[in-house]
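Below is one structure, written out as structure tokens; the observations come after it.
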Amino acid sequence: MIESPAFPVMPARFERTRRLRRSPAMRRFVRETTPRPDDFVYPLFITEEANTRREITSMPGQFQISLDHLPEELADLGSLGIGAVLLFGLPNTKDPTASAAHDPAGIIQRAVAEIKRLAPDMLVITDVCACEYTDHGHCGILVGDTVDNDRTLPLLARIATSHADAGADIVAPSDMMDGRVGVIREALDRAGHEMVPVMSYAAKFASGFYGPFREAACSTPAFGDRRTHQMDPANRREAAREIAIDLAEGADMIIVKPALAYLDVIREAREAIDVPLLAYNVSGEYAMVKAAARLGWIDERRVALETLTAIKRAGADRIITYHAKDAARWLADPDE
Ligand code: PBG
135 MIESPAFPVM PARFERTRRL RRSPAMRRFV RETTPRPDDF VYPLFITEEA
185 NTRREITSMP GQFQISLDHL PEELADLGSL GIGAVLLFGL PNTKDPTASA
235 AHDPAGIIQR AVAEIKRLAP DMLVITDVCA CEYTDHGHCG ILVGDTVDND
285 RTLPLLARIA TSHADAGADI VAPSDMMDGR VGVIREALDR AGHEMVPVMS
335 YAAKFASGFY GPFREAACST PAFGDRRTHQ MDPANRREAA REIAIDLAEG
385 ADMIIVKPAL AYLDVIREAR EAIDVPLLAY NVSGEYAMVK AAARLGWIDE
435 RRVALETLTA IKRAGADRII TYHAKDAARW LADPDE
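Going by my numbering, the sequence shown opens with residue 135, and the numbers climb by one from there.
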């Protein structure tokens with residue numbers, strides 16, 4: 135008679151991957167990817183209004199701030215170890231040609247100078263686009279109902295140069311016009327800014343995840359959308375082409391945007407290029423985490439850190455994120 139065993143018979147040998155997950159110390163020891171405050175770029179929305187610190191409804195914890203609030207903001211970022219900011223401007227006046235965007239006394243130009251004065255070591259990156267400065271909310275000069283590519287190029291070159299004149303460390307064109315990296319590079323060089331790098335939003339998709347940002351930056355287009363210049367979310371090969379073109383035109387760093395729905399694009403870019411690669415963890419990605427956390431449906435800390443870890447694991451060297459300050463705080467006090 136054959137006795138039935140009390141438990142199933144084990145194979146002679148099998149892989150025990152659980153050995154390396156036994157304790158927090160063991161897990162920390164074998165962890166492959168950990169985000170650090172140095173990885174983060176924190177976006178700031180600077181308004182030309184005086185004495186303002188207004189919370190953005192769809193982005194809880196994020197504020198439109200005026201220049202007079204910069205000292206406390208920079209002190210906060212400095213104490214958290216965050217070394218780079220990305221600036222967006224909210225001008226008092228808008229017009230069809232975005233003239234406030236390249237005004238030497240414009241809001242971004244003043245903000246750059248002020249930040250460099252208050253915190254010389256803070257890396258100041260400026261978003262170069264017209265949409266926050268046009269009364270129609272589009273990213274360039276309109277001819278009829280469409281953004282005219284070639285008429286927009288000199289405008290972008292002028293905006294980028296004015297940012298560099300004000301002291302910006304890096305300019306980041308986000309408009310997705312063809313040829314803009316080349317004209318910006320040329321204009322910067324001609325103005326004596328040959329050492330100012332261009333960080334290009336090379337693979338920027340026409341995304342529903344920008345919704346909250348448009349409230350934050352007052353840049354919702356008055357009609358139509360941005361699908362004739364931003365990329366179709368379905369196109370992975372085209373992202374590789376956009377990145378190659380921007381590098382050929384002289385981009386020093388590349389941004390993929392949004393991040394979370396495009397981790398495959400980030401991974402592919404990481405394998406293909408050897409310049410610094412950034413991912414933009416955009417407003418809608420932040421808003422979803424905040425909203426679900428408020429409802430008690432997810433643990434914000436866990437989900438935000440998991441997201442940032444995933445973006446880095448996918449291959450991003452640096453992450454532009456509204457969670458930067460929270461994440462820096464959480465990382466200083468690890469729960470594992
Ligand atoms: C354009 C710009 C946008 C974002 C950054 N730069 C909006 C757009 O293309 O409509 C979106 C960032 C975010 O959603 O967090 N200036």
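All C-beta atoms, glycine included, are put in the ideal place defined by N, C-alpha and C.
Sub-8 Å separation of residue i and residue j beta-carbons
i	j	result
Pro171	Leu221	no
Glu266	Gly223	yes
Ala306	Ile389	yes
Ile190	Glu349	yes
Val332	Gly278	no
Thr268	Ala302	no
Ser233	Val262	no
Pro367	Ala421	no
Ala444	Leu397	yes
Glu328	Ile241	no
Val175	Arg452	yes
8 Å CB neighbourhood of residue i in its chain, flanking five on each side removed
i	result
Met256	Leu208, Leu211, Gly212, Gly217, Ala218, Val219, Ile249 and Lys250
Gln243	Asp237, Ser296, His297, Asp299 and Ala300
Val399	Ala337, Arg370, Ala373 and Val390
Lys424	Met193, Pro194, Gly195 and Glu434
Met310	Cys273, Tyr335, Lys338, Arg360, His363, Gln364 and Met365
Cβ-heavy atom distance, residue i to ligand 1, below 7 Å
i	result
Cys265	yes
Phe148	no
Tyr344	yes
Val416	yes
Phe197	no
Asp433	no
Asp261	yes
Arg324	no
Arg94	An answer regarding residue 94 cannot be provided, because it is not within the stretch 135 to 470 covered by the chain.
Phe357	no
Arg165	no
Phe347	yes
Ser296	no
Arg292	no
Arg360	yes
Ser353	yes
Coarse secondary structure for residue i, derived from DSSP in three states
i	result
Thr443	helix
Asp173	helix
Gln364	coil
Pro254	coil
Pro238	coil
Arg188	strand
Ile432	coil
Asn226	coil
Ile304	strand
Phe357	coil
Pro468	coil
Ala336	strand
Ile293	helix
Asp261	strand
Close-in-space but distant-in-sequence residues of the same chain around residue i (CB under 7 Å, 5 per side omitted)
i	result
Met160	Leu154
Thr280	Thr362
Contact set for residue i: own chain, Cβ-Cβ below 6 Å, skip 5 residues either direction
i	result
Asp282	Ile275
His203	Arg187
Ile293	Ala235, His236 and Val262
Could you check whether the stretch 388-395 touches the stretch 406-418, counting it as contact only if at least three pairs of C-beta atoms, one from each stretch, sit closer than 8 Å? yes
Cβ contact (3+ pairs, closer than 8 Å) linking the stretch 282-290 and the stretch 333-349: no
Inspect the CB distances between the stretch 166-183 and the stretch 456-464 and report whether three or more fall short of 8 Å. yes
On the three-pair Cβ rule with 8 Å, is the stretch 268-287 touching the stretch 341-358? yes
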